[in-house]
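Heads up, the working numbering is the position in the sequence shown plus 83, with the first residue counted as 1.
Glycine residues also receive a C-beta, built at the ideal position from the N, C-alpha and C atoms.
Because the structure is a prediction, the values reported are computed rather than measured.
A quick write-up on the structure given underneath.
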Amino acid sequence: MQMDSKLPRGVAISLATLLHHRFSPSSLSSLYSHTMELETHPQAVVKDQNQTREGFGKESCDPKSSKSLSDRIIPHILNLYASRATPRDFEIYAPNATFEDPLMCAHGIQQIKSAFYSLAKVFSESRIVDYSIEENVVSPGKMEITIDNKQYYKFLGKDIDVISLIKLHTEDDKIVRHEDWWDKKPIWSRETVRTPVLGRVVEATRRASMLATHALMRFGKDPST
84 MQMDSKLPRG
94 VAISLATLLH
104 HRFSPSSLSS
114 LYSHTMELET
124 HPQAVVKDQN
134 QTREGFGKES
144 CDPKSSKSLS
154 DRIIPHILNL
164 YASRATPRDF
174 EIYAPNATFE
184 DPLMCAHGIQ
194 QIKSAFYSLA
204 KVFSESRIVD
214 YSIEENVVSP
224 GKMEITIDNK
234 QYYKFLGKDI
244 DVISLIKLHT
254 EDDKIVRHED
264 WWDKKPIWSR
274 ETVRTPVLGR
284 VVEATRRASM
294 LATHALMRFG
304 KDPST
């Protein structure tokens, strides 16, 4: 139902009279001024209202304004861990992003692709079955997203459950560092173990494992569709 934007003077005066005891004189003056503006320039007022409604509609329909960064990233993370990754899922990473877990240390998107594309080669099933998310703003443009989760894998017919803490460090809405802490424990490195020499050995082992996987996965080549 569409109402006429031009309000008759008699109706406006009656409305002002009825509301007299509920508004202050200044409010009544404002109401009367708005009424006179509506009578003399109805098209301008209606246009202004339409612009307001249009702006609200655009904001509410804008995916970026209604979704947090984790809302946009999580569906891709779930695809990666479920062995159903597509090239688009890796667009959440910055070009020089890193990925680390206790077995591998990947540098760059191509190595990250090899790490996740290899899941389907090793496990008959894999997925994140339960998770909770926490977002922390580190500084303008930088954020840390923590995913407390439980992962499921099937290897040679055997079910494997992994309790994990995934840490995603982002800059300008892109992941720059992805860490997967199994059993919620920091990944071994020269910074996290008491013996730096042992940490270097572990780091070298994880890098060697990544390079071997990278070669076997044809250096991060996307699977044919």
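Helix, strand or coil for residue i? Go by DSSP, reduced to three states.
i: L299; result: helix
i: P178; result: strand
i: A203; result: helix
i: L294; result: helix
i: V245; result: strand
i: L186; result: coil
i: A168; result: coil
i: G191; result: coil
i: R273; result: coil
i: S307; result: coil
i: T278; result: coil
i: K196; result: helix
i: I151; result: The identity of residue 151 in the sequence shown is Ser, whereas the question assumes Ile. Three-state result, S151: coil.
Excluding the five sequence neighbours on either side, which residues of its own chain have a C-beta within less than 6 Å of the C-beta of residue i, listed in chain order?
i: P279; result: R273
i: Y236; result: F206, S209 and I243
i: S166; result: L202, A203 and S209
i: K225; result: E254
i: Q234; result: I211, V245 and S247
What is the rounded straight-line gap between the Cα of residue i and the Cα of residue j?
i: A295; j: E262; result: 20 Å
i: N232; j: P158; result: 14 Å
i: H297; j: A287; result: 15 Å
i: L202; j: Y164; result: 8 Å
i: V212; j: A180; result: 25 Å
i: F302; j: F199; result: 12 Å
i: P223; j: T275; result: 28 Å
i: T253; j: G191; result: 14 Å
i: K150; j: P178; result: 23 Å
i: T169; j: K304; result: 11 Å
i: V220; j: E174; result: 21 Å
i: Q326; j: I156; result: Because the chain is modelled from 84 through 308, residue 326 falls outside the range shown and cannot be assessed.
i: R277; j: R283; result: 11 Å
i: R171; j: L281; result: 37 Å
i: P195; j: G240; result: Here residue 195 turns out to be Ile, not Pro, going by the sequence shown. So the two alpha carbons sit approximately 26 Å from each other.
i: F238; j: D154; result: 30 Å
Between residue i and residue j, which are expected to be in contact by the criterion C-beta below 8 Å, what is the C-beta distance as a whole number of angstroms?
i: E227; j: K250; result: 7 Å
i: C188; j: R290; result: 5 Å
i: E183; j: I270; result: 5 Å
i: I258; j: Y176; result: 5 Å
i: L161; j: D256; result: L161 to D256, Cβ: 18 Å. No contact.
i: M300; j: S197; result: 4 Å
Which residues share a DSSP beta bridge with residue i?
i: N219; result: E227
i: S209; result: Y236
i: K250; result: T229 and E262
i: K257; result: E254
i: Y214; result: N232
Who are the Cβ neighbours of residue i in its own chain at under 7 Å, not counting the five residues just before and after it?
i: L186; result: R289 and S292
i: L248; result: T229, D231, W264 and K267
Beta-carbon within less than 8 Å of residue i's beta-carbon, same chain only, minus the 5 sequence neighbours each way: which residues are those?
i: V285; result: W271, S272 and V276
i: P306; result: Y200
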